[in-house]
Every structure is written in structure tokens, then in C-alpha cells.
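Counted the way numbering that gives the first Met the number 0 counts, the sequence shown spans residues 0 to 323.
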Amino acid sequence: MADLRTRYLGLELQSPLVASASPLTGSLDGLRKLEVAGAGAVVLPSLFEEELATGQDQVGGDPDVGRADQAGYGAGPAAYLSLLEQAKASLSIPVIASLNGTSRGGWVRHATRLEQAGADALELNIYYVSSRPGLSGGEVEENYLDVVRAVRRAIGIPLAVKLSPYFSSLANLAGQLVEAGANGLVLFNRFYQPDLDIEAMEVLPALELSSSAELRLPLRWIAILHRRWGISLAASTGVHTAEDVVKVLLAGADVAMMTSALLHNGPDHLRPVELRLRDWMDRHRYETIDQLRGQLSQRSVPDPATFERANYIKTLASRTPPRR
Ligand SMILES: Cc1cc2nc3c(=O)[nH]c(=O)nc-3n(C[C@H](O)[C@H](O)[C@H](O)COP(=O)(O)O)c2cc1C
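Next comes the structure, spelled out in C-alpha cells:
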């Protein structure tokens, strides 16, 4: 039977299927179900720095406050740390905490707390929409690097950075993030784009789940970044099926993260995905994940330019309009 073990952020995982941050990973019950269904690791929902401003920061205060098993969004840091501690006590798979901060001080203070509460690794979810015309791309990137450097100095556990795909030179930024101390990249977060209600004349916050069609973006960048700087790579966005998992592993990912598929189908969705992954590996005579990882990365394919501009015109021309 195929061996699904993989390494991510220096951690040994029994499977490359990882549950990314979502409401499912925000309760002990959800986390347990994910482990039983076969998750190799779990990422808790982000602790948002804004939550600290709401007066819910009870850490070190009343011990009864926040002793819930449900961290939820906006539940505050005490409930979050409690969930993390309980998850560590009752799960045997790695538990990755996630932090979304807005100021340098906030990131560092909370990264330290999450490390102390037992997180196996930390994911920095840098979700920042820069709308100030005066702020250059270089300055935005410098802010990212500044945060990563500061957090790296403060903690010893592995550090992953979850990025959006909207950068002019992602390969350059990736290299700088590694230099700043990142051990892994999660490619990519999904920005939730607001919609307009044209009857009520309102802006609507819109959150739609992904589909497998969105896999192409992480697939390309994982293929490009595979085996550069020895960094761990996690694919996020559009991983729904075993075929999607095979694709990101062939491109060079260490793990395949899922949120939308698990929210839509429930934690047990991991079971058929794992079965079909094993089945594909058996049919293609791969015994380990190491053997197949990166087989179709940019360095491994005969024409590396296919991941860049090559065949652009041919691909566009192949979409000819139907004859009338
Ligand atoms: C309801 C919901 C909540 C999410 N919460 C978080 C979060 O707290 N932190 C984070 O980094 N990503 C969060 N995400 C993003 C997911 O972890 C994931 O990166 C994204 O949905 C793309 O993966 P998918 O195509 O498998 O859904 C959330 C996504 C959804 C749908």
C-alpha cells in the first residue's frame, strides 16, 4: 500500500491532506473529526489582531473566561489559546496556529503566546488590501518582510507565510521571505471580493467557496518555486479531489490544503480523497509521496517555459468561436 507520509515545515505528517483554516478547524469537535477522517495536520482559524481591541483579551486574567472548546471567529485570544491547548492535548497530528495581525507589535506578542500554548508551527495569514495610492508595492512588501523578521526573532517553531497571489514578482518576494525567516509558503489565500446588490443599492460581503478550476494558480507557482531555497510549499485554493491533490504534489507541493471541499462535503470527504490518491499511486507505481513530488515541477518538465509565457498565442488561438 502506498506510503503517504510527507514532511511539511520540518514536521512529519502521515498524509499530505491538510485541513486549512476555516470554521471547521475552529472547534475541538471539528478538529477531532478531521483527524479521524485522515487529515495529516490541521490549521486553526486565524486569530485576528482586531479581536484584541474588543476587550476580550483575557489571557492571564480570569481563568474561566474563554474556556470554551470553540474558538470561533472573533471569540478572542483566550478562547483561541484554550482551543489550541485542548487540540494539542487530544490530537496526535500536528496543530498549526494561524495569526492575522495588523501591527508589528501585535504579531510578535501573539506569535509568542501561540508558541507557548504548544502550536507545532505558526502560519502568518497576511491579508492586506492596499488601497493607498501613495503606498508603493515595494513598501507593502517591506511591511510583510518586517513582520516575518520580527516574528522569526520572537519564536522558535516553524513559520509559514500564507500569501495572496497579487504580487508583481512573486518569486523575488518568496526568496526575500525565506531570507526573513519563513520556513514555508502557503500558496494562496483567497481574497473575498465584495459584490453589489443593485436593488438595495448596497455593497455585499460575498464569500463563495472555490472550485477545482481555481487550482491552476497555486499549481503554476508551486511548480515554479519547487526546490528553491529548500522551502516547504503548501497548496491552498481549489484542492477538492484526489486528482487535484496528485496535481499539486506533482507540481512540487509538500501538502495539499483543503477548506471549501471540507466545508461543502464535511470532514469525511478526506476518506475518498485519500483512497483515490492511493489508487492513483498504485496504478502509476509510486510507493511514496517523495517519489512523485515535483515530477512535473518547472525544473522537471522538458519545456520549463510552459509555466511562463510559452504557447500563450497558441493557447488563446485554440479557443476559436463556434461556426454559425
Ligand atoms: C469560511 C472560511 C473561513 C476562512 N478562514 C480563514 C482564516 O481564518 N485564516 C486563513 O488564513 N484562511 C482562512 N480561509 C481561507 C482558507 O483557509 C483557504 O486558504 C481558502 O478557502 C482557499 O482554499 P479552498 O479552495 O480549499 O477553499 C477561510 C476560508 C473560508 C471559506
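We treat Cβ as the ideally placed atom computed from N, Cα and C, and that holds for glycine.
Residue i CB to nearest heavy atom of ligand 1 below 7 Å
| i | result |
| --- | --- |
| N124 | yes |
| V238 | yes |
| R189 | yes |
| M200 | no |
| L315 | no |
| T305 | no |
| A233 | no |
| L216 | no |
| A20 | yes |
| K246 | no |
| E48 | no |
Nearest-angstrom beta carbon gap, residue j and residue i [assumed within contact, 8 Å]
| i | j | result |
| --- | --- | --- |
| A181 | Y191 | Incorrect: roughly 24 Å between the Cβ atoms, too far for contact. |
| R226 | G183 | Contact doesn't hold; Cβ gap of about 13 Å is too wide. |
| V146 | R108 | About 12 Å; that fails the 8 Å criterion. |
| S235 | S14 | Wrong, their Cβ atoms sit about 16 Å apart, outside the cutoff. |
| L83 | G117 | 6 Å |
| L343 | V244 | An answer regarding residue 343 cannot be provided, because it is not within the stretch 0 to 323 covered by the chain. |
For residue i, the three-state DSSP class (helix, strand or coil)
| i | result |
| --- | --- |
| L98 | strand |
| S81 | helix |
| A252 | coil |
| V128 | coil |
| G47 | Note that residue 47 corresponds to Phe in the displayed sequence, not to Gly. In the structure shown, F47 sits in a strand (DSSP, three-state: E or B). |
| L186 | strand |
| D196 | strand |
| A38 | coil |
| R3 | The sequence given here places Leu at residue 3; Arg does not occur at that position. Note: L3 maps to coil in three-state DSSP. |
| A316 | helix |
| L90 | coil |
| E286 | coil |
| D68 | With a pLDDT of 45 at D68, under the threshold of 50, the modelled position of that residue is not reliable, and the figure given next carries that caveat. D68 falls in the coil class under three-state DSSP. |
CB contact flag (residue i, residue j, <8 Å)
| i | j | result |
| --- | --- | --- |
| A250 | I221 | yes |
| I156 | D119 | yes |
| P93 | A40 | yes |
| P44 | G29 | no |
| N99 | F47 | yes |
| L162 | L186 | yes |
| Q85 | L169 | no |
| A233 | Y7 | yes |
| L80 | R112 | yes |
| A78 | L269 | no |
| P266 | A36 | yes |
| I332 | Q115 | No information on residue 332 is available, as it lies outside the stretch 0 to 323 that the chain covers here. |
Stretch-stretch touch, CB-based, cutoff 8 Å, three pairs: the region 193 to 210 with the region 165 to 175: no
Touching by the beta-carbon criterion (3+ pairs, under 8 Å), the region 277 to 291 and the region 256 to 264: no
Segment contact, 8 Å Cβ cut-off, at least three pairs: the region 111 to 125 with the region 84 to 99: yes
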